[in-house]
Amino acid sequence: MSQRKTERQLNLVICLLATRRFLTAQEIRAIVPGYAEAESDAAFKRMFERDKKELRDSGIPVETGGGDVWSDEEGYRISRADYELPPIELRADEAAVLGLAARAWRHAALGEAAANALLKLRAAGVPVDGAAASDITPVLGTDEPAFLPIWQAVRDHRPVVFDYRKPDQTVSRRELEPWGVVNLRGRWYVAGFDRGRGERRVFRLGRIVGDVRVVTSGPAVRVPEDADVRSLVRGQRAEPEQTAVIRVRPDSAHALRRGARRIVPGEHSQTTPGWDRVEYPYADLAELVGEVAQFGDRVVVESPPEARAAVRDHLRAVAERAPEAEGTDEPATEQAPAPTVRRAAASAEQLRRLLMLVPYALSHDVRVSEVAEHFELPERQVLKDLSLLWMCGLPGYTPGDLIEVDLDAAESTGEIIIGNAETLAAPLRLTADEAASLIVGVDLLAEIAGADHSAALKSVGAKLRAAAGVGADRLTAAVDVRIELSDEVRRLQRRVEDALRGGQRVHLRYLAGYDDEVTERDVDPMRLVVQDGHPFLEGWCRLREGVRMFRLDRVLDLTVLPIAAEVPAHAGLRDLRAGVLQFSADDAFVTLELAPRARWVTEEYVCSGLRELPDGSLRVTLRTPAPAWARRLALRLGPHARVTAPLDLAERVRADAARAVAGYAGS
């Protein structure tokens, strides 16, 4: 059925593109093969209405206007001016950054849209290459299942209804008029008007529970002229208002030291390590308690008194927790599968493929294997697509009207040869999703790229917006990606870029993410990756003798060495489809029971085996190469979580907490 439907819709597109006047529905019924199968006028009307809607949903502008001059019946056609992709002329540097910008969505929800946009541009003669080697790789994650329906609601100006879990873990139903989506520090947020609260509100997509329902009836959402979704989302961030005075052991609690306003070194000796005094800003007492407690007896809060008491009580609750007699080691569970992106119906996908394939094949030497790889299809499906083309063409449908396809060449040598298809020679203009995916990628790259690319990014962004059309321009105005980097991190990024350009080795003083320790590393840079709002240097680490990722905000110092980088031939770039985090057979599995206030762990870390428990808590399994990090996490969570496996780790957490409580004796 889907093959016949695609054939009918493709013939409809060709017919409406070729006509110089509006054709009535009855004329179309008589001309286009497939509509004669309708058993009645009502069945034809339903079939034709569905086809029109699906064509318009695919970005094909079916226009309505005057039909038969002797009647009032409306007619239909497709204006070439609205159908065809406007000319876009890009310089070599602009084409290079555009191909790079499209990579941002490669492993995310709009990856297909970005890839299809590049194919259309290449069919139009724009020399973009989405796979060219580059020193910088932007990556946008859309792990939140709510992302795609929220994006579509913003695009189509439709309200949405969803259940939302607040930070205090209460869940409530929300009805929102979405104005835009913003990625801030690697997290997606939607801003809009909350109908139930009667206020402008911001919601983090990762806290939406269950499915998002897009309201398709009723009036469209109207975005106020003064609505600034960027400012609304950025305004959610609490600024530090208080300062805690903390005693810290030397060479420890480096994360606290990095955020300190002032550090006063203490008196230290080899036999009697002293304390450094750290003045640490904070806005939320509960967050401060966790940030301090994770370092156990290496840190003691001196003031304010309420902060000192809160940390002591937090640690005491862990130290005094009775062992769980029934606790047993639990088997490791498989990582939960990544959320899948909903795909359009097979016939709609096939039609879009053919409308992209024909102009591309007419202007390029292309092979079956290349098309299969681009669309992630088996080659036999590409051959089916080509055989369908052979049955389509101009009204009349005689051999001289039909599209010519050399199926023998496609099957024997893989070469795609198409002729007599001038009606479809021009590529279809970009859909709103396709244009927006490229423009947002350009904006992301502009946030992180160095001065070498700034002029090209600015000009290519302007050219894309000019060619995208009003709908895409409105959508991109409602989407923003912000990478908030400190001046120090931006300086480090520039040094990394210099080393990559010069092919030089770098020396790092690096604060390891899992271990509270600083290491010295010599690294041969391979590329700069920006993912989840953080820039990473990927390179060959000579200390670990392997490819490693180094987050730049954990680099304490970076020196470009006067030594040529020598990356071993066998060292390959990481596959980032699953994110920056990489798993190993030597990893440890840690099972936690999380109280409602600790559910944020599932938002920040990769968890598997999620299971709701009768008391409202959540059981999860974390996989880590560093059990010591899991101990710090358990101390940070305190009474809001407990380790259930392995049992020896749970005992060490209690012992750590007991030693830390001793530091607060007498208060």
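Residue numbers (our numbering): 8 to 674.
No residue lacks a Cβ here, since even glycine has one placed at the ideal position from N, Cα and C.
- Along the length of the segment 546-614, whole beta strand (DSSP E) runs at least 3 residues long occupy 553-558, 562-571 and 595-601, reported in chain order.
- Annotated as distal: leucine 471 and leucine 452, with beta-carbon spacing of 7 Å or more.
- Alanine 116 places its beta carbon 7 Å or farther from that of threonine 144.
- Note on phenylalanine 210: 16 or more other CB atoms within 10 angstroms of its CB, so buried under the neighbour-count rule.
- The beta carbon of alanine 428 is closer than 6 Å to those of Val365 and Ile410 in its chain, skipping five residues each way along the sequence.
- DSSP links arginine 618 through a beta bridge to Arg626.
- In this structure, the CA atom of alanine 234 is about 13 Å from the CA atom of valine 161.
- In this structure, DSSP gives glutamate 504 a helical state, which the three-state scheme calls helix.
- About 17 Å separates the Cβ atoms of glycine 106 and leucine 92, ruling out a contact at the 8 Å cut-off.
- Contact between the segment 598-615 and the segment 551-564 is absent: fewer than three C-beta pairs spanning the two stretches fall below 8 Å.
- Serine 65 sits in coil when the DSSP states are folded into three classes, being neither helix nor strand.
- A direct Cα-Cα distance of roughly 23 Å separates threonine 250 from glutamate 495.
- For alanine 234, the secondary structure class from DSSP, reduced to helix, strand or coil, is coil.
- Beyond the five residues adjoining it in sequence on each side, arginine 284 comes within less than 7 Å, by CB distance, of Val252, Arg254, Val271 and Gly273 in the same chain, given in chain order.
- Between alanine 667 and aspartate 258, the CB-CB gap reaches or exceeds 7 Å.
- Between the C-alpha atoms of arginine 502 and lysine 465 there is a straight-line separation of about 23 Å.
- Taking every protein chain shown into account, the CB of threonine 279 has fewer than 16 other CB atoms within 10 angstroms, so this residue is exposed.
- The C-alpha of leucine 588 is placed about 15 Å away from the C-alpha of glycine 546.
- In this structure, DSSP gives arginine 180 an extended state, which the three-state scheme calls strand.
- Beyond the five residues adjoining it in sequence on each side, serine 591 comes within less than 8 Å, by CB distance, of Pro632 in the same chain, given in chain order.
- Contact between valine 296 and alanine 267 fails: their C-beta atoms lie close to 17 Å from each other, not under 8 Å.
- Boundaries of the alpha helix (DSSP H) around proline 634: 634-644.
- Valine 228 and proline 156 do not touch by the CB rule: their CB atoms are close to 14 Å apart, not below 8 Å.
- Every beta strand (DSSP E) of 3 residues or more that sits fully in the segment 89-156 is shown, in chain order, as 143-146.
- Taking 4 residues as the minimum length, the alpha helix (DSSP H) runs contained wholly in the segment 259-288 are 261-265, in order along the chain.
- Closest in alpha carbon position to valine 449, among Ala102, His514, Arg11 and Ile423, is Ala102.
- One Cα belongs to serine 9, the other to alanine 353, and the distance between them is close to 7 Å.
- For glycine 478, DSSP records no beta bridge to any residue.
- With a 10 Å radius around the Cβ and a threshold of 16 neighbouring Cβ atoms, glycine 407 comes out exposed.
- Contact between glycine 645 and histidine 321 holds: CB atoms are separated by about 4 Å, below the 8 Å threshold.
- According to the DSSP assignment, threonine 13 belongs to the alpha helix (DSSP H) that extends over 9-25.
- Phenylalanine 382: member of the alpha helix (DSSP H) spanning 375-382, first to last residue.
- With a 10 Å radius around the Cβ and a threshold of 16 neighbouring Cβ atoms, leucine 580 comes out exposed.
- Ranked by Cα distance from arginine 110, the options Ala43, Asp100 and Ala122 are led by Ala122.
- Note on geometry: alpha-carbon atoms of leucine 550 and threonine 526 lie some 9 Å from one another.
- Counting along the chain, no beta strand (DSSP E) covers methionine 398, and no H or E run does either.
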